[in-house]
Amino acid sequence: MDIKILTKSTVNIIFAINDKVNYQQEISRRIGTTASSTFKMLDRLKDAGIVEYNRAGRKKLINFTKKGLELKEILYKLALL
1 MDIKILTKST
11 VNIIFAINDK
21 VNYQQEISRR
31 IGTTASSTFK
41 MLDRLKDAGI
51 VEYNRAGRKK
61 LINFTKKGLE
71 LKEILYKLAL
81 L
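Under the working numbering, read the sequence shown as residues 1 to 81, first letter to last.
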């Protein structure tokens, strides 16, 4: 994984994705960015294998891959230090 993917914005997205239903627009509202900025960051995370998209009608559901769940766990542990 390219370490450059872990910017402040992408880490905010990782923390914004929860166990509930996650749509791009909801994530944008949670972190306070535009939908287009969120989309670009999500695409970078998808290309790195951290998140995956699943269709729910016209919307994309965003979920973690196994690699993404492991990364989120590591970031949470680092945040607690």
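By construction, the Cβ of each residue, glycine as well, lies at the ideal position given by its N, Cα and C atoms.
My output table needs one value for residue i: the three-state DSSP class, helix, strand or coil.
i	result
R44	helix
Along the chain, where does the beta strand (DSSP E) that runs through residue i open and close?
i	result
N54	V51 to A56
How would you write the range of the alpha helix (DSSP H) that residue i sits in, first residue to last?
i	result
K72	K66 to A79
I14	K8 to A16
L5	The amino acid at residue 5 is misidentified as Leu; the sequence shows Ile. Looking at the DSSP string, I5 is not in any alpha helix (DSSP H), and its letter there is neither H nor E.
Using DSSP bridges, identify the partner residues of residue i.
i	result
K59	A56
Rounding to the nearest angstrom, what Cα-Cα distance links residue i and residue j in this structure?
i	j	result
E17	G32	Position check: residue 17 holds Ile in this sequence, whereas Glu was assumed. Going by the C-alpha atoms only, they are around 14 Å apart.
G57	K66	24 Å
V21	I5	24 Å
M41	S9	8 Å
L80	S28	25 Å
Can you tell which of the options has the C-alpha that lies nearest to the C-alpha of residue i?
i	options	result
Q25	K60, L71 and G68	K60
A48	D19, R29 and F64	F64
Y23	T7, V11 and V51	V51
T38	N12, L78, R55 and D19	N12
R44	I14, L80, K77 and A79	I14
K46	G68, K72, T7 and K77	G68
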